[in-house]
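To start, the structure itself, in structure tokens.
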Amino acid sequence: MPPLPHQHVPRLITYYQTHHTPSGDPISVLPFLQKPGIHLTHLILAAIHINSDPQGITLNDHPPSHSRFTTLWAELRILQASGIKVLGMLGGAAKGSFERLDVSDPDSDVQGMARFERYYQPLRRLIQERGLDGLDLDVEEEMSLSGVIHLIDRLRKDFGPDFLITLAPVAAAMLNPQHNLSGFDYEALEVMRGQEIAWYNTQFYCGWGDCGNPVMYEMMVIKGWAPEKIVVGLITNPENGGGWVAWPALAGVLPLLVGRHPRFGGVMGWEYFNSLPGSRERPWEWAQVMTALLRGRQASDAGAQLLVGLGAPLHLDVAQQQHQQHEQGQKQQQQQQREAKQPQQTEQQEKKGGVAGLVDKDEVDAPIAVPNAFDYHTDAEDEDE
454 MPPLPHQHVP RLITYYQTHH TPSGDPISVL PFLQKPGIHL THLILAAIHI
504 NSDPQGITLN DHPPSHSRFT TLWAELRILQ ASGIKVLGML GGAAKGSFER
554 LDVSDPDSDV QGMARFERYY QPLRRLIQER GLDGLDLDVE EEMSLSGVIH
604 LIDRLRKDFG PDFLITLAPV AAAMLNPQHN LSGFDYEALE VMRGQEIAWY
654 NTQFYCGWGD CGNPVMYEMM VIKGWAPEKI VVGLITNPEN GGGWVAWPAL
704 AGVLPLLVGR HPRFGGVMGW EYFNSLPGSR ERPWEWAQVM TALLRGRQAS
754 DAGAQLLVGL GAPLHLDVAQ QQHQQHEQGQ KQQQQQQREA KQPQQTEQQE
804 KKGGVAGLVD KDEVDAPIAV PNAFDYHTDA EDEDE
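Okay, here's the thing in structure tokens:
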């Protein structure tokens, strides 16, 4: 099915890190084009690593030019020709890439700038040679705010205004700068370079977030994050990490968020090769289900039928839910106008706070229980040898 324009929300994104079966056969991404009811907007190729040798850049454990990737690069070109944007992912759980690109002060850190150039140039060539549409910065190690700003500025200078620059923070980092893996404050980054950042692939899993209900997403919106900038990141299979959300819960939460926020940023999944419900045999079924949850039965009857089999039928088409939300909003406005004439009742109404009564505004800055580290490895080494 032809994808929608990449600017359109909600986005549907998958990470593609495990590229081969244990026997070495390529895991094809062409089903995203061949199977019905899939509106994939972006695919993020993982993981690019900058190693100690500046010329030793790798895609997982091998040079990007390795013959094992011949099919991969050919298929990604086909996806791009069909309108799906393909980004590379830099970093992840394997540390070192961002340490080598970090610059404390571009104006005075001479050694840091020289090191940056040594390690950045091979990355720049890779992006150019493979025609990537963007780069996802998955900073899971300490990096300075000045360093990530310098990297973003350089990418924008080298690749122009249409190049997509995204980041992949843990969800907790969007609410409290103390609770993140990246070292810098994402709110400060958004203030200083938000216009250059297309969106955030926010990781609602592994103890850093929860999408079993809409509360955490609503807390982000209350805190000031634009809904179109926050993409909800999900684990596609419990094998890929903690925080798997059952289908009935997702079938309630995602259409709710789409209905409540017309500019809802979308959903991303980590990762493609074993995505449920089809697992390794039919990993594209995850995208069918997500298309149905984000866009309704008309967009993906195949996904809607899968949801029925999973015990999580679509109770409302997304369009119907949006219409209901609009009607509810109008009724709330009329009610508020009436209550404006009754100060005491209005004050009681304001004390309820939150979005649709779900979130107390005082909770936005409340402490969040977070883990010390991820309980999974983003390189899936046992699958991609």
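Numbering (this note's numbering), first residue to last: 454 to 838. By construction, the Cβ of each residue, glycine as well, lies at the ideal position given by its N, Cα and C atoms. These figures come from a predicted structure and were not determined experimentally.
Segment limits, beta strand (DSSP E) that includes residue i
i	result
V462	It is not in any beta strand (DSSP E) - V462 carries neither H nor E in the DSSP assignment.
Y653	W652 to Q656
G660	First-last for G660: undefined, no H or E at that position.
W723	G719 to W723
Beta-carbon gap between residue i and residue j smaller than 7 Å
i	j	result
C659	G695	yes
G647	I683	no
P691	W700	no
L707	L746	yes
L465	M672	no
R716	P667	no
Y468	E643	no
L540	G587	yes
G722	L687	yes
P766	L759	no
Q470	A500	yes
G490	S753	yes
H472	L525	yes
V623	W661	yes
S635	V685	no
T619	A651	yes
W737	P475	no
A547	H502	yes
A641	L598	yes
S557	G549	no
Residue i - containing alpha helix (DSSP H), residue span
i	result
L498	Note, L498: premise wrong, no alpha helix (DSSP H); beta strand (DSSP E) at H495 to H502.
L760	D754 to G762
V644	Y639 to R646
E671	V668 to K676
E701	The displayed chain sequence assigns Pro, not Glu, to residue 701. Segment W700 to R713, the alpha helix (DSSP H) holding P701.
A765	Run containing A765: none; DSSP gives neither H nor E here.
W739	E738 to R748
Among the options, the one whose alpha carbon lies nearest that of residue i
i	options	result
K538	A546, G584, E643 and P517	G584
Y572	D555, G764 and R735	D555
I497	P736, W739, A625 and A621	A621
Q487	P559, A740 and Q751	A740
F569	P614, M669, L608 and A702	L608
E582	E528, P517 and I650	P517
H495	V592, Y670, E552 and V720	V720
T625	V601, F657 and I480	Going by the sequence as given, residue 625 is Ala instead of Thr. Closest by alpha carbon: F657.
F612	L634, L576, P475 and G536	L576
L493	G536, N629 and G677	G536
V674	L628, M645 and G705	L628
I531	Q574, S481, R748 and S561	S481
N504	A527, E552, F522 and D478	E552
L703	E595, S599, D558 and A757	A757
Q574	D506, S728, Y670 and H714	D506
G545	E594, N727 and F616	E594
M596	T511, Y639, E734 and T523	Y639
L579	N727, G764 and L512	L512
G762	T523, R748, P730 and D606	P730
N633	T655, D615 and R735	T655
P463	N693, Y653 and D514	Y653
G705	G749, I510, G677 and F522	G749
F637	L617, L590 and G677	L590
A527	V563, Q631 and P479	P479
L617	E649, T523, S561 and M645	E649
Per DSSP, cross-strand counterpart(s) of residue i
i	result
T471	DSSP, once it has assigned bridges, lists no residue as partnering T471.
L617	G587
V623	Q656
T511	H502
V685	T655 and V720
P489	According to DSSP, which records beta bridges pairwise, P489 is partnered with nothing at all.
P479	H473
Would you list, in sequence order, the uninterrupted alpha helix (DSSP H) runs of no fewer than 4 residues that lie entirely inside the region 521-598?
523-534, 550-554 and 563-583
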